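Heads up, the thing below is written out as structure tokens.
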Amino acid sequence: MENLTWMNFLNPSSPIREYMKWVHENGDDRLFEEHYAGIVKSQEKEQHCFLTVVIRTQGKRRDMLQDVLMCLQAQNDQAFEVVVICHRAEKDAYRTICELVREQDPKFAERMRVYQSEQGERGAPLNLGFAYARGEYAVCLDDDDLVFDHWVREFHAAAREHAGMILHSWALAQHWYVRKTEDGNRQIIGAAGEPETRYCVPYRTLRQQSENYCPFMGLAFPLFLFRKMHVMFSESLSTTEDWDYLLRTAGIAGVWDIKEVTAIYRIWDADDVSRRVVRDEEWKANYRRINQKTGSMPLLLTAEEAKNCREELNGLQSAGQKGRSSFLREAVLFWSDGSDFSGNQYIKAPIILDDGWMRAEFVLSECSSGRITRIRIDPAEETLFALEHLRVQIKRDNDTLEELSEKNIRETNGITDDNSLLFLAEDPRIVFDIEETDPPVTIVFTARVTYRSSAAVTQWVEDQCADARWLADNRKIAHLYLDRGEGFNTKDCIVCENVLCGEKYEASFTVSPTMTGKVQELRFDPTEAEMFRIDQLMIKINYSDGSTDKINASQVISMNGFETQHGMAFIERDPYMYIPVSSDKQIRDIQITGDAGFAGCEEMENLFAEAKRVPSYELICRQLRRMRENNMGNREGEKQ
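Following this note's numbering, the numbering of the sequence shown begins with 10 at its first residue and continues without gaps.
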């Protein structure tokens, strides 16, 4: 293959020729020769090691950097060196870093070197670090992250089997805070939340194009990419330089997943982090620049990734979905101790499709917090599909702790259709109660996925349309039932239409003389729709003897809603209230007025929070919990 003259016969649009051209054009030979070639050459005769750890710092976070160096000293594989690049550091900050290095154990300090970089944006000090590197691989470790004691060992073991590939280990994400002491001389740092497993997912080329799932300290790059091919970090990007570099090198070297958690990516509640220093507009501009650059890049997949893509496509075709533009790619698992599901406790897993069967495996590590009594599986973001032969296995090591099926489902937004679970709404979800367990566990979700044209779909749509028409026709209709000793029935019901005009509510009922006998109790249905609130309620009951009773919300006997500060609110459809009446008098007519309307979930929750009494507390709590879960699911969908 040394003679590449055969490439001249290829059309310029050939994938191979396009890719080789792109690789050549995106290596910056001029910049490399001007700034880094001499440095690289000067390091060739120096002692070599497996890994160079490049630490980029401005010298403003001494305590955090000390934590990083302690993590490195604790490594159980010491086949590495440390190159510290002080980027645009002030003189005092540079001296502080040099003093910190001298304070380290002598055997560790002799493997550390400190250099200054005054040029370029965030990528420039990384290029300088790669130039001074003497290792076979280089990894970038920020001065504020943490690595476990097997971090280097995992990279080293993977390199023995997969030399030349980019090595990808997993990192937990965790929020941390920074506080100054009262005298202002020192900082106090601490964890502000439980570790999250959002980045503990295998590398996938297609998914990585839209969002970076690989924290920087979890990537070890073979240095031939920099030394021989001159693929360098962008020195003009003020953010996302790590994502840009991975996108430009993954197709050349390939990525090997180690599938071990080796680090903590700390998300800081501080003012000097790039997320706050750099304006949103600049972040977006950097993303656009990267997308424009990679938009002309042909995608090259490893054999394993190509196999996964084929399995997904073959699975969809066997399920009758040949030509479908979107497909099942990723499932999400939430876990909790029985409380509401949280965006802090979830993990993603790629979906493998094989001959119409889907499989997702979620690995909850020891760092996944809390006991687990409840799980929620979101099998996809799309809808209009069905799952058959659903099974969930909860395993520890090789033992199965529990196995679940359709009969164990506690809650879902799918509907049962001929022994399958049919999803017609967005954000499909399935909730299970499980036997109490602790991580680490592996949860395996399998099911057969079908997209067949189901009679249930047609029937469901017809029912929804009919229901929507009925509700539209009855939103502004009120009913008054009179109990004359025989209970409430339809023959003693009076209807009033068009009760709502804007937010003004007016209903008037005239009691016919044919409704003989004295009324013992009234039931008033203000509308047929749910999520209804009515304020400043006033009920006037006029009797045939000329007297009048005036009744407000606090005097209502009972209802299937709850009282608020200014009136009452109803969550469920077909709201009603029972109204007291003078049973020894003949009713002539009734007028009911107020300010009313249909509330959204957030408004209804606010109304509930200010409620003064709740006749059916358990019912209201159940409904509000349902609404909160729905709202949470919608927010998550927007985020991922």
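All C-beta atoms, glycine included, are put in the ideal place defined by N, C-alpha and C.
Computed from a predicted model, the values in this text were never measured in an experiment.
A distance below 8 angstroms between beta-carbons, with the five flanking residues on each side excluded, links Asp447 to the following residues of its chain, in chain order: Arg380 and Ile381.
In the three-state scheme derived from DSSP, where H, G and I count as helix and E and B as strand, Pro359 is classed as strand.
Where Arg71 is concerned, there is no enclosing beta strand (DSSP E), although the alpha helix (DSSP H) around it starts and stops at Arg71 to Gln82. Separation of the CB atoms of Ile360 and Leu342 is rounded to 12 angstroms, and the pair is thereby denied contact status at 8 angstroms. With respect to the 8 angstroms criterion, Ser592 and Val528 are classified as neighbours on the basis of their beta carbons.
Relative to the Cα of Gly496, the nearest Cα in the group Ile486, Tyr587 and Cys58 belongs to Tyr587. Contact annotation: Glu412 and Gln402 have beta-carbon atoms nearer than 8 angstroms.
In the structure shown, Asn407 adopts coil according to DSSP, grouped into three states. Following the DSSP letters along the chain, one finds Ala182 inside the beta strand (DSSP E) bounded by residues Ile175 to Lys189. Rounded to whole angstroms, the gap between the alpha carbons of Asp152 and Leu396 is 47 angstroms.
Pairwise C-beta distances place the region 199–212 out of contact with the region 133–146, as fewer than three of them are shorter than 8 angstroms. In this structure, Arg484 lies near Glu537, with their beta-carbon atoms less than 8 angstroms apart. As computed with DSSP, Cys502 is found in a beta bridge with Tyr490.
Scanning Gln67, Val93 and Tyr585 for the CA closest to the CA of Leu78 turns up Val93.
Your pair Asn136 and Met226 does not check out as a contact, with CB atoms roughly 18 angstroms apart and the cut at 8 angstroms. If you look at Phe117, you'll find it isn't in any beta strand (DSSP E); it sits in the alpha helix (DSSP H) that goes Pro115 to Ala118. When the five nearest sequence neighbours on each side are left out, the beta carbons in the same chain lying within less than 6 angstroms of the beta carbon of Arg368 are those of Ile361 and Thr455, in order along the chain. Taking a cut-off of 8 angstroms on C-beta distances, the region 552–559 does not touch the region 604–613, as fewer than three cross pairs fall below it. Between Leu176 and Ile267, the gap from beta carbon to beta carbon is short of 8 angstroms. For Ser51, the three-state secondary structure derived from DSSP is helix. Here Lys549 is actually not in contact with Ile503; their C-beta atoms are around 15 angstroms apart, not less than 8 angstroms.
Assignment of Val62 by DSSP, reduced to helix, strand and coil, places it in the strand class.
Beta-bridge annotation (DSSP): Glu375 is not paired with any residue.
Cys149 sits in a strand when the DSSP states are folded into three classes. For Val92, the enclosing beta strand (DSSP E) starts and ends at Phe89 to His96. Taking 8 angstroms as the cut-off, the Cβ atoms of Gln183 and Ile273 count as close. As the crow flies, the alpha-carbon of Cys58 is around 7 angstroms from that of Glu90. Taking a cut-off of 8 angstroms for Cβ pairs, the region 248–258 and the region 155–165 do not touch, as fewer than three such pairs fall below it.
When the beta-carbon positions are compared, Ala102 and Gly68 come within less than 8 angstroms of each other. Straight-line spacing of the CA atoms in Val590 and Leu531 works out to 7 angstroms.
CA-to-CA, the gap between Ala578 and Leu74 works out to about 56 angstroms. Distance from the Cα of Thr206 is smallest, within the candidate group Arg275, Ser22 and Lys404, for Arg275. Cβ atoms of Glu390 and Asp436 come within 8 angstroms of each other, at about 7 angstroms. Within its own chain, the residues whose Cβ lies closer than 6 angstroms to the Cβ of Asp38, once the five positions on either side in sequence are excluded, are His239, listed in chain order. Beta-bridge partners of Ala200 (DSSP): Trp185.
DSSP lists Asp492 as the beta-bridge partner residues of Glu530.
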